[in-house]
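Q:
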DNA sequence: CTGAAAGCGCTTACAG
DNA sequence: CTGAAAGCGCTTACAG
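Residue numbers (the numbering used here), protein chains in the order written: chain A, 1029 to 1360; chain B, 1029 to 1360.
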């Protein structure tokens, strides 16, 4: 019967029919466990979300990318959120039970916010894994991890350049650089500003963890300190949304007086008027790339892959416009 | 060795030590498959998201609830998005490979948007399942499915009553009732209005699928047709957000001139000024309840559970206020 | 308390 | 082309 189930070539048509008839009659369903035991593989990968309160849209899109790649194969995805302390030694981390088995999952995709100690713990039990690199905090010491990232720094560079190309010269950066990813974005901004011989100005410290609120506050401070400002690059869409709100309260028009660029290309972009220009990080591609890399590793155990960095894409929308518009408005 | 691993009582301390030493030395990790084969159970449940483009926040919260309940047990969750046609017969639906096995998953939680044919297909292969009931479209014919829902109708009733209690008499409902869940909410609104001898008015048709846009349009139409309107109940937070935007453009103050209630208690509630009063549906509790019911079923095979309906909770915020404020403002 | 054996339900050479 | 047997790596009575 096994041969019928697995489409073995050497089965006579008649036998095949008979067996399939019996299968139907008996409501037979094969045992996945027994098959896996003898096959030695599980066709299961694990998507681990670390240190996040729940699966927000950003990571849901990554998971979606993983899923859409994986769905072309026979693999399936186990979803596990975990949390752990950054400081504790690897051996003190309690790994999810399921990955402590030798053959329950073939490999792991590690998303969420992660620290080197967790990766070390995975190394210890020799589970093949791929990391979503952008939210890694701290360096992985001596070895190159297999990671997929998108280019925060390049995205911010592009965003800034977009404003420069529109004629802006007085461009601020608003975003709390205590967050590592905001720091990379800030660096991209700095490089772009310096490449174009402009003077950069910024607000990178924040009392609040609420990025929307930070945005509103920061833009009013920026305008106060620098009434000539015509454009801002923000740490993410939430900050940009806050900026939009702040501008409305101040009676400043976007983009006529001030152009605003967000980052992450979230749903927030469509909640402002006009919609936000933003940097899309293509989360689904990131997820698909994680999945691809992991499957490559599974087929080629022990092999190390270089970090793969996906480029971002600026999506121009109504929140950014040529600087002349702003001047005309100011002159009117 | 097995006895050591499974903490069998009758193992001498010395033997235990020796065995664990060997386990460490050899980097031994047990085989999940072999154990499951002999145990006969998988400790795996499957979270199926039907007919959705991806895991949005609403369902992510349900999944989170499932997860947080399940994490107190030894179960794990396989995540599978699927899509199928509502009209085709059950036998024509391609079920995810994994649940066609007899012992790969112990049970299934069905979320997303679902139709009776899919449930029938699950019945056919005798997989224990629990359905998230609110997004079921069409009735399940002769038998009671095991489902968990929240009370849309009651939530809308409560929202409307909240406005009545604040003194509002001219309350509109805005929401496209082509969507079944909006229809239930509309019914709750109607019942509340009728219970308080008020005349209800509404806009329940829409050309656009964009609820934000619908909200903006609808509120301006409502005001045009009925300048006396002092409050609106909306289909969900997106509609309410659109209403807020529309009000700003019209120069109408919220809540001073018009009070607004949203539904779902999403992140949007904090994006308006002031924040939206909304009806929380406690997604995580819904998820946890699905998980609890499914595990109950697994322990008690064949048992049918009644649909469990969880109550919603009105979360009052700044977008609703007493009607007197509005009158005072109008008089000023 | 512990060793040795049976058995879970498959797949896959091995004979015929 | 197909039947019968070995073996995957565990758990759990069964002896001792």
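For each residue, glycine too, the CB sits at the ideal point set by N, CA and C.
Using a Cβ cut-off of 9 Å, which residues of the segment 1119-1142 of chain A contact any Cβ in chain B, in chain order?
A: Those residues of the segment 1119-1142 of chain A that come within reach of chain B (Cβ to Cβ, closer than 9 Å) are 1124, 1125, 1126, 1128, 1129, 1130, 1131, 1132 and 1133.
Q: Near residue 1093/B, which residues of its chain fall below 8 Å by C-beta distance, leaving aside the five closest residues on each side in sequence?
A: Cβ neighbours of residue 1093/B beyond the five flanking positions: 1311, 1312, 1313, 1314, 1315, 1316, 1317, 1318 and 1319.
Q: Does the beta carbon of residue 1189/B sit closer than 8 Å to a beta carbon anywhere in chain A?
A: For residue 1189/B, the answer is no, since every Cβ of chain A falls outside 8 Å of its Cβ.
Q: Counting only Cβ pairs nearer than 8 Å, list the residues of chain A close to residue 1059/B.
A: Result: 1065, 1129, 1130 and 1131.
Q: Rank 1100/A, 1130/A, 1144/A and 1136/A by C-alpha distance to the C-alpha of residue 1119/A and give the top, closest one.
A: Answer by Cα proximity: 1144/A.
Q: So, helix, strand or coil for residue 1165/A, using DSSP?
A: Coil at residue 1165/A, not helix or strand.
Q: Given residue 1141/B, which residues of its chain have a CB within under 7 Å of its CB, disregarding the five upstream and five downstream residues?
A: Within the same chain, residue 1141/B has close Cβ partners 1078, 1079, 1080, 1163 and 1165.
Q: Hey, is residue 1082/A's beta-carbon within less than 8 Å of any beta-carbon in chain B?
A: Taking Cβ atoms only, chain B reaches closer than 8 Å to residue 1082/A, which makes this a yes.
Q: Would you say residue 1345/A lies against chain B (beta-carbon separation less than 8 Å)?
A: No, its Cβ sits nowhere closer than 8 Å to a Cβ of chain B.
Q: Could you list which residues in chain B have their beta carbon closer than 9 Å to that of residue 1299/A, in chain order?
A: Here the neighbours are 1240, 1269, 1273, 1296 and 1299.
Q: Beta-carbon of residue 1088/B versus every beta-carbon of chain A: anything under 8 Å?
A: Yes, because at least one Cβ of chain A sits closer than 8 Å to the Cβ of residue 1088/B.
Q: What does a CB cutoff of less than 6 Å around residue 1158/B pick up in its chain, not counting 5 residues either side in sequence?
A: Excluding residues within five positions, the ones whose Cβ falls inside 6 Å are 1137, 1174, 1318, 1321 and 1322.
Q: If you pair each beta-carbon of the segment 1286-1296 of chain B with each one of the segment 1257-1273 of chain B, do three or more pairs fall below 8 Å?
A: Result yes; three or more Cβ-Cβ pairs closer than 8 Å.
Q: Applying a beta-carbon distance threshold of less than 9 Å, which residues of chain B neighbour residue 1112/A?
A: Going along chain B, no residue has its Cβ under 9 Å from residue 1112/A, so there is no contact; the nearest lies around 14 Å.
Q: Using C-beta distances below 7 Å, list every residue in its chain close to residue 1027/B, excluding the 5 sequence neighbours before and after it, in chain order.
A: The structure shown does not extend to residue 1027/B, since chain B spans only 1029 to 1360, so no value can be given for it.
Q: If the criterion is Cβ atoms closer than 8 Å, does the pair residue 1263/A and residue 1210/A meet it?
A: The answer is yes: Cβ separation under 8 Å.
Q: Between the C-alpha atoms of residue 1037/A and residue 1044/A, what's the straight-line distance to the nearest angstrom?
A: Roughly 11 Å between the two C-alpha positions.
Q: Quick check: the Cα distance between residue 1197/B and residue 1188/B, rounded to an integer number of angstroms?
A: Rounded to whole angstroms, residue 1197/B to residue 1188/B spans 10 Å at the Cα level.
Q: Thinking C-alpha only, which one of 1192/B, 1253/B, 1296/B and 1206/B is nearest residue 1259/B?
A: Considering only alpha carbons, the answer is 1192/B.
Q: Compare the Cα-Cα distances from residue 1126/B to each of 1105/A, 1114/A and 1128/A and report the closest residue.
A: The residue with the shortest Cα to Cα distance from residue 1126/B is 1105/A.
Q: Is it buried or exposed, residue 1359/B, if we count other Cβ atoms within 10 angstroms and call 16 or more buried?
A: With a pLDDT of 42 at residue 1359/B, under the threshold of 50, the predicted position of this residue should be treated as unreliable, though the coordinate-derived value follows. Counting Cβ neighbours within 10 Å, residue 1359/B comes out exposed, since fewer than 16 surround it.
Q: Residue 1239/A by DSSP, collapsed to three states: which one?
A: In the structure shown, residue 1239/A sits in a helix (DSSP, three-state: H, G or I).
Q: Please state whether DSSP places residue 1031/B in a helix, a strand or coil.
A: In the structure shown, residue 1031/B sits in a helix (DSSP, three-state: H, G or I).
Q: Quick check on the DSSP output: what are the complete alpha helix (DSSP H) runs of length 4 or more inside the segment 1244-1315 of chain B, in order along the chain?
A: Counting only runs of 4 or more, we get 1265-1278.
Q: Under a CB-based cut-off of 8 Å, is residue 1048/A close to chain B?
A: Cβ-Cβ to chain B under 8 Å: no for residue 1048/A.
Q: Considering only the beta carbon of each residue, do residue 1161/A and residue 1335/A sit closer than 8 Å?
A: It is a contact, given that the beta carbons lie within the stated cut-off.
Q: Using a Cβ-Cβ cut-off of 6 Å (strictly less than) and excluding sequence neighbours within five positions of residue 1205/A, which residues of its own chain qualify?
A: Once the five neighbours on either side are set aside, the close Cβ partners of residue 1205/A are 1211, 1214 and 1232.
Q: Tell whether a beta-carbon distance below 8 Å holds between residue 1361/A and residue 1070/A.
A: Since the first residue shown for chain A is 1029 and the last is 1360, residue 1361/A is missing from the structure and cannot be characterised.
Q: Since residue 1065/B and residue 1065/A should fall inside the 8 Å C-beta cutoff, what is the C-beta to C-beta distance between them, to a whole number of angstroms?
A: With 8 Å as the limit, residue 1065/B and residue 1065/A qualify as a contact, their Cβ atoms being about 5 Å apart.
Q: Is there a C-beta anywhere in chain A that falls below 8 Å from the one on residue 1091/B?
A: It does: the Cβ of residue 1091/B has a partner Cβ on chain A nearer than 8 Å.
Q: I need the boundaries of the beta strand (DSSP E) containing residue 1155/B, first residue and last residue.
A: Counting along the chain, residue 1155/B falls outside any beta strand (DSSP E), and DSSP gives it neither H nor E.
Q: Comparing the C-beta of residue 1102/A with each C-beta of chain B, is any distance below 8 Å?
A: Closer than 8 Å to some Cβ of chain B, the Cβ of residue 1102/A qualifies, so yes.
Q: Look up residue 1136/B in the DSSP assignment and give the residues it is bridged to.
A: Bridge partners of residue 1136/B: 1074/B and 1157/B.
Q: Could you tell me if residue 1152/B is buried or exposed, where buried requires 16 or more neighbouring beta carbons within 10 angstroms of its beta carbon?
A: Exposed, since its Cβ has fewer than 16 Cβ neighbours within 10 Å.
Q: Just how far apart, CA to CA, sit residue 1074/B and residue 1343/B?
A: Approximately 32 Å between the Cα atoms of the pair.
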